[in-house]
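The block underneath contains the structure these notes are about, expressed in structure tokens.
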Amino acid sequence: MTAQTPPAASTPATPHDAPDAAWLARLVGVALDEDLGPAPGRDVTTQATVPADETGAADVVARADGVVAGLVVVAEVLDQVATRLGLAPATVDLRVPDGTRVRRGDVLATIAGPVQVLLVAERTLLNLVSRASGVATHTRRWADALGGTGAQVLDTRKTTPGLRALEKYAVRCGGGTNKRMGLYDVAMVKDNHVVAAGSVAAAVEAVRTRFPHVTIQVEADTLAQALEAVEVGARFLLLDNMPPAVLAEVVAAVRAGEARTGRVELEATGNLTLDVAADVARTGVDYLSVGALTHSSPILDVALDLTPAATS
Numbered sequence: 001m002t003a004q005t006p007p008a009a010s011t012p013a014t015p016h017d018a019p020d021a022a023w024l025a026r027l028v029g030v031a032l033d034e035d036l037g038p039a040p041g042r043d044v045t046t047q048a049t050v051p052a053d054e055t056g057a058a059d060v061v062a063r064a065d066g067v068v069a070g071l072v073v074v075a076e077v078l079d080q081v082a083t084r085l086g087l088a089p090a091t092v093d094l095r096v097p098d099g100t101r102v103r104r105g106d107v108l109a110t111i112a113g114p115v116q117v118l119l120v121a122e123r124t125l126l127n128l129v130s131r132a133s134g135v136a137t138h139t140r141r142w143a144d145a146l147g148g149t150g151a152q153v154l155d156t157r158k159t160t161p162g163l164r165a166l167e168k169y170a171v172r173c174g175g176g177t178n179k180r181m182g183l184y185d186v187a188m189v190k191d192n193h194v195v196a197a198g199s200v201a202a203a204v205e206a207v208r209t210r211f212p213h214v215t216i217q218v219e220a221d222t223l224a225q226a227l228e229a230v231e232v233g234a235r236f237l238l239l240d241n242m243p244p245a246v247l248a249e250v251v252a253a254v255r256a257g258e259a260r261t262g263r264v265e266l267e268a269t270g271n272l273t274l275d276v277a278a279d280v281a282r283t284g285v286d287y288l289s290v291g292a293l294t295h296s297s298p299i300l301d302v303a304l305d306l307t308p309a310a311t312s
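Residue 200 in the UniProt record's numbering sits at position 200 of the sequence shown; the count goes up by one each step and never skips.
As structure tokens, then:
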């Protein structure tokens, strides 16, 4: 695959790391298996109607305003399709980097090569780019709503099975911040863990003993729970389902003790919506975590249009 990019002056550097290449290859492989059947698979329509030696070009086009994400998958999809079909690879000219605000009608990328490759790759490519761009677009609305408050929007583990790395990448493209990637990198002590351990203190100490180098976060539903968690050494609290007035009280109490305890990061969570985002941020929390970034974002409509030269 030959990847072409516009000059640096018109293509700002992408301010976020792309998903791991090996993971991305596995994701694309599974997606193509779904569409084509087990490898190498087939497209009974395209392979019957389009000669294998026909070449052409196509534009990947935004059909709505939004923030683009997921263009990092385009080359991988095309490469794997070309390999499955035994045809020459396509070339990719990315017109914008992931994270760019785009308008309806903007060309996101131009691809060229065997028309069979372009058409067989079409739906898998568009599904992934549309999904990621939808997450990025919704995240940008949250980031804009929090502008000037000092608070950041966080994602959660409420992701589409198999797509977590891509969706969390899309959150970064939209101006959000990733929380933990999974159960393995950060300890999150929630109500069921407290019940199982017997107390907040027991749960925190158990994690600290078993995994001494892991960051520990504690969920709190009340002021008393928040203060207990801080006293046993938690330095990151999830303040769950608290109205802004109660949240402000908890934030003030925790902040008042920071000269003694050290800095505590505070996260508001629980059914947050855009219309209350700024009010919640003004309570003084550091983060708002929003599951809807990944579990409820609509796709951004993206299409693939063959250029006239491809059909001549």
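Built from N, CA and C at the ideal position, the CB exists for glycine as well.
Asked	Found
Kindly indicate which three-state DSSP category Ser-133 falls into: helix, strand or coil?	helix
Can you give the beta carbon distance from Leu-223 to Thr-269, rounded, assuming they're within the 8 angstroms contact cut?	Going by Cβ atoms, the distance from Leu-223 to Thr-269 rounds to 16 angstroms, so no, they are not a contact pair.
Starting from the C-beta of Val-72, find all residues in its chain whose C-beta is less than 8 angstroms away, skip the five residues before and the five after it, and write them out in chain order.	Ala-18, Pro-19, Leu-24, Asp-98, Tyr-169
Can you give the beta carbon distance from Val-171 to Asp-191, rounded, assuming they're within the 8 angstroms contact cut?	26 angstroms between Cβ atoms; not a contact.
Considering just the uninterrupted stretch of the alpha helix (DSSP H) at Asp-33, what are its terminal residues?	21 to 36
Which whole runs of the alpha helix (DSSP H) in the region 259 to 298 are 4 residues long or more, in chain order?	277 to 281, 292 to 295
Using 10 angstroms around the beta-carbon of Arg-26, count the other beta-carbons present and answer buried if the total reaches 16, otherwise exposed.	exposed
Nearest-angstrom Cα distance between Pro-89 and Pro-114?	8 angstroms
Measure the alpha-carbon distance for Asp-43 versus Ala-22 and round it to whole angstroms.	25 angstroms
Rounding to the nearest angstrom, what Cα-Cα distance links Gln-217 and Val-92 in this structure?	43 angstroms
Where do the ends of the beta strand (DSSP E) carrying Asp-240 lie?	236 to 240
Three Cβ pairs or more, each shorter than 8 angstroms: is that satisfied between the region 288 to 304 and the region 30 to 44?	no
Kindly indicate which three-state DSSP category Arg-255 falls into: helix, strand or coil?	helix
Among Thr-261, Leu-227, Gly-233, Ala-234, which has the Cα closest to the Cα of Glu-249?	Leu-227
Helix, strand or coil: how does DSSP classify Thr-139 here?	helix
Given 8 angstroms as the limit, is there contact between the region 142 to 153 and the region 267 to 284, that is, 3 or more CB pairs closer than that?	yes
Please report how far the alpha carbon of Ala-57 lies from the alpha carbon of Leu-304, in whole angstroms.	10 angstroms
Mind checking His-138: buried by the 16 CB within 10 Å criterion, or exposed?	buried
Among Leu-272, Ala-31, Val-251, which one has its Cα closest to the Cα of Gln-80?	Ala-31
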